[in-house]
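What follows is a short report on a single structure.
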Amino acid sequence: MKAVSAISNAMPGFPVLATGGIDSADVGLQYLHAGASALQVCSAVQNQDYTVVQDYISGLKCLLYMKGMSSLGEMTKWDGQSPPTPVHQLGKEVVTKEEVGQALPNFGDYKLVKDKKIVEKLRDRDLLADEFKPNNT
Numbered sequence: 000m001k002a003v004s005a006i007s008n009a010m011p012g013f014p015v016l017a018t019g020g021i022d023s024a025d026v027g028l029q030y031l032h033a034g035a036s037a038l039q040v041c042s043a044v045q046n047q048d049y050t051v052v053q054d055y056i057s058g059l060k061c062l063l064y065m066k067g068m069s070s071l072g073e074m075t076k077w078d079g080q081s082p083p084t085p086v087h088q089l090g091k092e093v094v095t096k097e098e099v100g101q102a103l104p105n106f107g108d109y110k111l112v113k114d115k116k117i118v119e120k121l122r123d124r125d126l127l128a129d130e131f132k133p134n135n136t
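Numbering (numbering that gives the first Met the number 0), first residue to last: 0 to 136.
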């Protein structure tokens, strides 16, 4: 954030891409206030999935709307953090070291072995089971 602020102050009008540590809409807004022109969200997408981008966009819209209001009342208690990720969006399937018998990297023939193990793991899964149904909250 300090680097974004320093660059945008030293070079007004120069487009600055903010990266690193953007884990909520609030942090994204802080980078924009520091002078960023664009935001890059990578780790959050890897840890969850691409729907987190839409969550951040909605959060940024809400935060910008709230900052433009003169009297927010109870709404000021919302900090811009997206709600917890639903169970059906917890990220990619993984194959543990125990399932394969050794730790395997994610490239070349090793990746093919991992992908084969994931297919075997998912083949008999009942996608209509109760564990995959969303909560009614």
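For every residue, glycine included, the Cβ atom is placed at its ideal position computed from N, Cα and C. As the structure is a prediction and not an experimental result, all values here were calculated from the model.
Thr18 has Gln39 as its beta-bridge partners, per DSSP.
A direct Cα-Cα distance of roughly 13 angstroms separates Leu63 from Val26.
Beyond the five residues adjoining it in sequence on each side, Tyr109 comes within less than 6 angstroms, by CB distance, of Leu103 in the same chain, given in chain order. At a Cβ-Cβ threshold of 8 angstroms, Tyr55 and Ala17 do not count as neighbours.
About 12 angstroms separates the beta carbon of Ala37 from that of Ser7, a gap too long to meet the 8 angstroms contact definition.
Judged by DSSP secondary structure, Met65 falls within the alpha helix (DSSP H) whose first and last residues are Thr50 to Gly67. When DSSP states are grouped into helix, strand and coil, Phe106 belongs to the coil group.
Met0 is positioned such that its CB atom lies no closer than 8 angstroms to that of Gln45. For Ala35, the CB contacts under 6 angstroms within the same chain, skipping 5 residues up- and downstream, are Val3, Val15 and Ala17 in chain order.
Using a 10 angstroms sphere on the CB of Gly58, the tally of other CB atoms reaches 16 or more, which defines it as buried.
Around Val112, the same chain offers Val99 and Leu103 as residues with beta carbons nearer than 8 angstroms, after the five sequence neighbours per side are excluded.
In the three-state DSSP reduction, Asp25 falls in the helix class (H, G or I).
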